[in-house]
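Engineer: Would you mind keeping the following structure in view while I ask a few things?
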Amino acid sequence: MLIKEKFAQKNKKINILFFIDYLHYFGGTERFLFNLVTRLNHDLFNCMVCPFSFNQYALKIFRDAGIHVEPTPLTRIYGLSAFKQASKIRGLIREYNIDIVQTFNIDSDIYGTIIAKFSGVPLIISSRRDLGTYRKKRHLMVSKVTHKYVSHFLAVCDAVAGNLSERERIASKRITTIYNGFDFADLAKVDPSRVTELRKRFNIGSSAFVIGNVSHFRPEKGYHIFFAAIRKVRPSIP
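Shown next, in the form of structure tokens:
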């Protein structure tokens, strides 16, 4: 069945469009979006991903998984080029009968929300995954308008939800916290020989207890909790 035909079956499935600012590597937000789209019930939902900045490596990962990706190059969310892309995106929304738009990152929250609103999308979701470190005053000023168009906000943790409520004056009833999940089945895929190789490379004994953390060094990652936890469990580790 053609992709357009799949999205046209509105009486059978819900059509979702995901806006994301960057799709260059397989980072936290990209991985979250990938898992979300691939694990949603395909009998109930059709999904499309629309990145504003991207590379072929990331596009291939998504497309190889059967995800419908519509790259929409965008260097800034204002000006003639942004207006032209808005016209293209609006056409996609109508062509694929989009029911829900979910946005990730700053430009998507502003630009994507405006396009979705004036394209008649009935439900707009803003997904927040940081403490707004990169949101400048100009972003917050514009957001005072676009927030009115957002149906609901999703926060990755309580700290993000609290920041959204305090800094951007979003009522708590409009925010739902959904924590990142972890599929323990992924642990079964770990190659023991690879683990042994890494221990040798970093001169870590085979019986040494190892705790790892791979993430950006930013406040929302909770490093203070991580380090405090290490100090507490250290006496119990052989």
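Per the numbering used here, residue 1 is the first one in the sequence shown, and the count goes up by one each step. For every residue, glycine included, the Cβ atom is placed at its ideal position computed from N, Cα and C.
1) Roughly how many angstroms lie between the CA atoms of ASN203 and LEU80, to the nearest whole one?
2) Looking only at DSSP bridge pairs, what is VAL69 linked to?
3) Which residue wins for smallest C-alpha separation from ASP186, given the options THR177, HIS147, ASN35 and SER127?
4) Find the nearest neighbour of LYS136 within the set TYR78, GLU168 and LEU33, judged by alpha-carbon distance.
5) Taking only the alpha-carbon atoms, compute the straight-line gap between LEU44 and ASN15 and give it to the nearest angstrom.
6) Classify THR103 as helix, strand or coil using the three-state DSSP reduction.
7) Measure from the alpha carbon of ALA116 to the alpha carbon of each residue in ILE230, ARG31 and GLN85, then state which is nearest.
8) Report yes if the CB atom of TYR78 is closer than 8 Å to the CB atom of MET48, and no otherwise.
9) With distances taken from CA atoms, which of ARG129, ASP107 and LYS12 is nearest ARG31?
10) Three or more beta-carbon pairs under 8 Å between the segment 141–155 and the segment 56–63, yes or no?
11) ASP253: which of ILE100, SER143 and SER119 sits nearest, CA to CA?
Structural biologist: Per the coordinate set shown:
1) 56 Å
2) VAL49
3) ASN35
4) GLU168
5) 9 Å
6) strand
7) When each option's Cα is compared against that of ALA116, the closest is GLN85.
8) no
9) ARG129
10) no
11) Outside the shown range of the chain, which is 1 to 238, sits residue 253, and nothing can be said about it.
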